[in-house]
Structures are given as structure tokens and as C-alpha cells.
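Worksheet for the structure shown next.
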Amino acid sequence: MYAYDELDRTLINERVSEFRDQVKRRLSGELTEDEFKMLRLQNGVYLQLHAYMFRVAIPYGTLSSEQLRRMAHVARKYDRGYGHFTTRQNIQFNWIKLAELPDALADLADVGIHAMQTSGNNTRNVTSDQWAGVAPGEIEDPRIWSELLRQYTTLHPEFSFLPRKFKFAITASDHDRAAIKVHDIGLRLYRNAAGETGFEVLVGGGLGRTPFIGKTIKPFVHGHDLLSYVEAILRVYNQYGRRDNIYKARIKILVHELGIEKFAREVEEEWLQMRDSALQIDDSVIEDIRSRFSYPTYEKLPHMPDELKKAAHDPHFEAWRKNSTFPHKVPGYAIAVLSLKPVGGPPGDATADQMDAIADLADRYSFGEIRVGHEQNLALPHVARRDLPALWKALDRIGVATPNVNLVSDIIACPGLDYCSLANARSIPIAQELTRRFANHDTANLIGRLHINISGCINACGHHHVGHIGILGVEKNGEEFYQITIGGRADEKAEVGTLIGPAVPYGDVADVIEDIVEAYLALRARPDELFIDAVKRLGVEPFRERVYATR
Amino acid sequence: MTSPLQQKIKISGPSVITANRTWDGIVIWRTAAKGWSAELSDAAIVRTADEARALLAESVADDVGAIGAYIAPVEIRDSGKIKPGNLREHIRSAGVTIDLPVPA
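Protein chains in written order, with my numbering: chain L, 940 to 1490; chain Z, 165 to 268.
Encoded structure:
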């Protein structure tokens, strides 16, 4: 956990007071909606179909039990008793009243939570690997650098009026769980041949209507140069990024139009002018941030305790353990992923009661810490393996132990047309139907790892481009249709999926996905060839043929 | 962004003006009595571009009471009942098409 200092607390509290005054002036008519809109957006307040939506940041996906309880409180007191975890380590409340928002913000501020820059044309919540600090083989905890960037970019005047929104993601593991290649700036912390740690910097990744995989702009940047280098990127973007066309305003378009070489030269030129300035980070700054992260005092525990051996006889527990627990850097401990994808449920939603119960379980079994992943699941990052059976029983009771993590029913989905004012088509009912079709755990295991991502419009909040199977809702003559892509992925081998053919109507989507999965099962070279690898080997044609032969 | 009043208005059938209420964001419709209602059945119906433009202008002028006013299509059933004219408006009017995690 990271402990905010006095400066952070003052900043957050001042922001609440400022927003309270802005809301008061808006409701009295002193501020028009045109004047107020940017102010509310910079505090994470959108207007959706039925109500205001309030987006709250969970920096680098780390939450304390106290913070999660406070979110439950906000859900219960100001909303309709639940919240929605997003693909960018935020939580959204869908039914909040503008008049009550300042009180909700104040309640969150008490526990160091805020909504600053969760919308608007500024740097957004800095995201990271949800297993940061506990993943085996990690170079170092990437949240230290995420926090540095969070502090530096928050309310930075030069980054507050960018051509368009700007997103950072950081990983420090070989396996990328933070989807860094589809962010405006992706940072991969690694150790070079000389044994020094630093960052590979990627730029220009992003999804939306024009998807691009990020390109390496600089293969190695020392940590003490990180701020000056990213500032150089942002300055070039700020100078050349298009403000005349919202669809061409993201940095990915600038990088694409200039070409990575020319863009890199511009950045290098800018960087050389400021590299040795005050932006050079002193080790003491990093150490200060590092010292504000607290880490558990782990016990020395056996890898295979008696409790685990005994529980292994229960097939339901074993199914969950094999699917939803992952190796921890400390022997005797595990990372437990809590699936927010129950059969028939909206992906990523958690009720206030579930949040409270998870917070209690985090206190009991995970040193009071919870993580939020971009796949819209939660995790308890420090669970003693001896406690897994007891934890599983408790998670199962509250409905967050569906053993489907990374399987076909672990679907990423945006809120879609049920909530979102931008959407063209619904996402959640499609996800719900698919979870029902693939509810059988044996079938899901037979299929193996398969990520389905659903977006209700081209803005791609459901990351459909990088789903192994991507589903994009479009509107045709007033009807919902869905384009299907396959072969996308968001990890270190990130790729944009390929469209398999004409869009299909709402009622056909689940059948089409079943056809694709059946084709994969028939065509895979061996049982352990993953769907994504089979698509890479075979191309889209056999899947296209299977889907459209009878349609 | 272009003001709704500056946009070209084209309507192909009966329409209403809808918006969200400023203080709480709920869906509302402009009434013939120059007010707002949370019931679609209370909405004033317009049938021509000129009528729509006039009602929209009056709606947009109430910047304190409502936010994001726009013209939305409706269907008038034989019974006289007003129904939303497309899926988006149906969802705005009737609510989400899924069961909420917690009963509303």
C-alpha cells in the first residue's frame, strides 16, 4: 500500500472543496453547462443515458480494505448499491446525483481516494500490473514509478489541456498484464545487458476507431531520466497533436502520420534540452516514494501445507485453486483472483455487500490489500496457501469464486448501450448470454485460455480489438449488429484482431461465437494449442468459413 | 461542439425533446406547459422541423433545469400512447435491459 503524505491529502481535500463550490454554482445557474462540463469531466463526472456516471481512480490497481469499504459505502449511500470495475483500474458508479457528488467525493477523500483526471484531455489514471510487487520474476515494483508519474502528472498545467486524453501503463514483468502496448505511453521496466534497470518506452498505442500497437521509441531510458523523457514526448504531442479533429487527436495518429523515426527525432531534440534539468530524478525521490509503500511481513510457510492437502479432495475447491490462484514471489503464498464474471452476471460489477465482504477477507487473509486488474477482476495479492481453502469457501458464499479466470466466460465488456451515451449497441446482455453458453466448467477448461472482449461502440472501452475474440457493436438501420474479430491480444505479443466478415445481428452473436470455438476445437493441432495460437497458425479463413457457410 | 440549435434539424415523424435533469441526471421530456416531466407520456409532440426547432430552443434555454436537450423520435400508437422511437430511447425511457445486481 502507498501512504499519501500531507501534500497529497491537502490536494485531494482542496479539490473536494473546489468541486463542491463548482457544483453549487452550477445548480444555482451561476455556471452554465458549457462552463461546467470541463470542470465535471476533470473530476470524473460524465452524463450517461440515465444519470451522471462517476469514475473514481484506483491508481495502479491497488486498494486497501478501508478504501474498498468506502467504495461500498458510496455505492450504498449515493448510488444503487453496486459499482463497476473498468478496464483501466477505475470504478464507476452509474446512478449518482450531481447534487450529492461533492459529499461522495469528500467521503472518498477521507481514505485517500479521488476522481481527478479520470476524464478530460489530460493524463489519466496511471495503470500498472495488478500483481505488481508480488509477481515472481518481477524486476522491481512498477508501482513506485507509477506513483512518481501520478504525482508528476496530476494537475500538471502543461498536461491539463492536451489535444486528447493520455494514458500511461507500466509493467516490470516479462508477461505483460498491463496491456502497455495499447497505451499512449507504455513503459516496460527491465534489466539491460549491462545489468542496469531502466525502461523500454513505447508510444502511440491505442484502441478506439483507429487501433495501433505501440512502437518502441527508445529501447532504454534510465529511471532518473524517466520524467524528462516522457515530458519530451508530451511536449511534442502538445505542439503537433491535432486539435481540429477529435478523431485524429490522439498521439497514436501523430506517431502514425509523422512516422516513429521522425517522431522519435523530435522527442530526442526536445529531450536533450531538458534532460539535465530539474526533471532529472534524484535517487532520494525514488527512495522517498518507495518508503511510502508498505509491504507485508511474510511468514516462512510451507508450499504444501496440510490444509491444502486435505482440501485437494474437494473437486470444487481444486477447480478454483487450479484456475484462480497464481504463484507468488514468496514461497507459501499465492495470489488469489476473484472473478467478477459470474454466469449470467454483468462483467466487472460488484455489489456493496460483496465489496464489504471482500474488504473483510482482505483484512483476514491478504494483509488488508486488494488489487484491481484491467480484466475487470479483483485479486487478493498476499494469501497464505494454508488459508486458500477457507478463503475459497468465503469467496464462494459471496459469488466471486467462479473458476473461470482467463477462460471463455471471463469476458471483458464495456457498459454498452444499457448505460453509455456513446454506445451503439448493448454489450452486457451479449456477455451474459455467452457466460451461460459456456457455463460448463469442463467445457471451458477443454477450450482453455480464451479472452472475449466486447465493446458497444467504436470507442473500444471493452478493448475488442485485442480480444482473442473481439465483438464490436454497431448500429445498422436502427438495429444492433456486431462485428467479430479474432486473433487480437493485449499482452507482450499484442496484436489487433482481424475482422472475419460481415456484422451479425444481436440474436446471432452467441451462436457465432460457439461456431468459432467449435471450429477451433476441431482444428487445433493438439489439446494444448491455445485458441490464439491456432488462429495465428491457421489465419481467419477456416473460422470465417465456419461462421458464414450457413449464414 | 456545435450547439443543438445550430445543427440542421431533420425529423421524419413525431418527435419529442428529451434531456437529463441537471441536479440528479434522470431522463426527462419537455412538456407542452414549458416544463419537464419524468414521464414520456407527458411529452409535447412535434411533427415538423420548425416545431422541433422552437421546442428545442425553449428547452435549451433552461440551462439550470436540464442538460443536453435533443430531439428524439417517438411512435404514437393507435391508442395514443407514446413509445420511444428507437432502442436507445427505449432504454433511456424504460431503463437498462438487464437485471441490476441490486434491485432498484
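Even glycine gets a Cβ: it sits at the ideal position worked out from N, Cα and C.
Bridge-paired residues (DSSP) for residue i
i: Arg194 of chain Z; result: Z:Trp200
i: Phe1098 of chain L; result: For Phe1098 of chain L, which the question treats as bridged, DSSP gives no partner whatsoever.
i: Glu1308 of chain L; result: L:Ser1003
i: Tyr1021 of chain L; result: L:Thr1290
i: Gly1412 of chain L; result: L:Tyr1421
i: Leu1277 of chain L; result: L:Leu1317
i: Arg1130 of chain L; result: L:Thr1136
i: Leu1141 of chain L; result: L:Gly1125, L:Thr1155
i: His1161 of chain L; result: L:Gly1137
i: Ala183 of chain Z; result: Z:Ile192
i: Lys247 of chain Z; result: Z:Glu239
i: Val1107 of chain L; result: Sequence check: residue 1107 of chain L is Phe here, not Val. Phe1107 of chain L is bridged to L:Ile1124.
i: Pro1444 of chain L; result: L:Phe1420
i: Ile231 of chain Z; result: Z:Asn184
i: Ser1394 of chain L; result: L:Leu1411
7 Å Cβ cutoff, residue i in contact with chain L
i: Gly189 of chain Z; result: yes
i: Arg241 of chain Z; result: no
i: Asp214 of chain Z; result: no
i: Ile235 of chain Z; result: no
i: Val266 of chain Z; result: yes
i: Ile231 of chain Z; result: yes
i: Val260 of chain Z; result: yes
i: Val238 of chain Z; result: no
i: Val228 of chain Z; result: yes
Whole-angstrom C-beta distance between residue j and residue i, which should lie under 8 Å
i: Ile1410 of chain L; j: Ile1397 of chain L; result: 13 Å between Cβ atoms; not a contact.
i: Tyr941 of chain L; j: Thr1001 of chain L; result: 7 Å
i: Glu1024 of chain L; j: Ala1399 of chain L; result: The sequence given here places Phe at residue 1024 of chain L; Glu does not occur at that position. Between Ala1399 of chain L and Phe1024 of chain L the Cβ distance is about 17 Å, and since that is not below 8 Å, they are no contact.
i: Pro1320 of chain L; j: Ile1274 of chain L; result: 5 Å
i: Gln1069 of chain L; j: Arg1310 of chain L; result: 4 Å
i: Phe1232 of chain L; j: Asp1467 of chain L; result: Contact flag wrong, Cβ pair sits at about 38 Å.
i: Thr1374 of chain L; j: Lys1280 of chain L; result: 7 Å
i: Ile1052 of chain L; j: Arg1008 of chain L; result: Contact flag wrong, Cβ pair sits at about 11 Å.
i: Leu173 of chain Z; j: Ala218 of chain Z; result: The residue asked about is misnamed: residue 173 of chain Z is Ile in this sequence, not Leu. About 10 Å separates the two Cβ atoms, so there is no contact after all.
i: Arg1063 of chain L; j: Phe1105 of chain L; result: 7 Å
i: Thr1424 of chain L; j: His1402 of chain L; result: Actually they do not touch by this definition, with Cβ atoms about 11 Å apart.
i: Leu220 of chain Z; j: Ile235 of chain Z; result: 6 Å
i: Trp1034 of chain L; j: Arg1019 of chain L; result: 5 Å
i: Thr928 of chain L; j: Leu1327 of chain L; result: Any question about residue 928 of chain L goes unanswered here, given that chain L covers just 940 to 1490.
i: Ser1058 of chain L; j: Tyr985 of chain L; result: 6 Å
i: Asp1302 of chain L; j: Ser1004 of chain L; result: 5 Å
i: Trp200 of chain Z; j: Leu966 of chain L; result: 15 Å between Cβ atoms; not a contact.
i: Val1073 of chain L; j: His1267 of chain L; result: 5 Å
Interface flag, residue i vs chain Z, CB-CB below 7 Å
i: Glu972 of chain L; result: yes
i: Gly968 of chain L; result: yes
i: Thr1290 of chain L; result: yes
i: His1012 of chain L; result: no
i: Ala1340 of chain L; result: no
i: Arg1148 of chain L; result: no
i: Arg1009 of chain L; result: no
i: Arg1019 of chain L; result: yes
i: Lys1036 of chain L; result: yes
i: Asp1357 of chain L; result: yes
Taking any Cβ of chain Z, which residues in the region 1360-1374 of chain L have a Cβ under 9 Å from it, in chain order? Ser1360, Ala1362, Asn1363, Ala1364, Arg1365, Ile1367, Pro1368, Gln1371
Short of 8 Å Cβ to Cβ, which residues in the region 242-256 of chain Z face chain L? Asn250, Leu251, Arg252, Ile255, Arg256
Output, in sequence order along the chain, the residues in the region 983-995 of chain L whose CB is closer than 9 Å to any CB in chain Z. Leu986, Gln987, Leu988, His989, Ala990, Tyr991, Met992
At 3 residues or longer, what runs of the beta strand (DSSP E) sit wholly inside the region 1178-1265 of chain L? List check, beta strand (DSSP E) in window: nothing returned.
Please give me, in chain order, every unbroken run of the beta strand (DSSP E) with length at least 3 that falls completely inside the region 1009-1079 of chain L. 1021-1024, 1029-1035
Residues of the region 1401-1421 of chain L whose Cβ lies closer than 9 Å to any Cβ of chain Z, in chain order: Glu1414, Gly1417, Glu1418, Glu1419
In chain order, what are the residue ranges of uninterrupted alpha helix (DSSP H) at least 4 long that sit wholly in the region 1321-1389 of chain L? Correct list: 1327-1336, 1367-1376, 1380-1386.
Which of the residues in the region 1267-1287 of chain L, read from start to end, lie with their CB under 8 Å from any CB of chain Z? Gly1284, Pro1285
Mind listing which residues of the region 171-205 of chain Z have their C-beta closer than 8 Å to chain L's C-betas, in chain order? Within the region 171-205 of chain Z, contact with chain L at the beta-carbon level (separation under 8 Å) is assigned to Asn184, Thr186, Trp187, Asp188, Gly189, Ile190, Val191.
Tell me the start and end of each unbroken beta strand (DSSP E) in the region 951-1009 of chain L that is at least 3 residues and wholly inside, in chain order. 984-986, 991-996, 1001-1003
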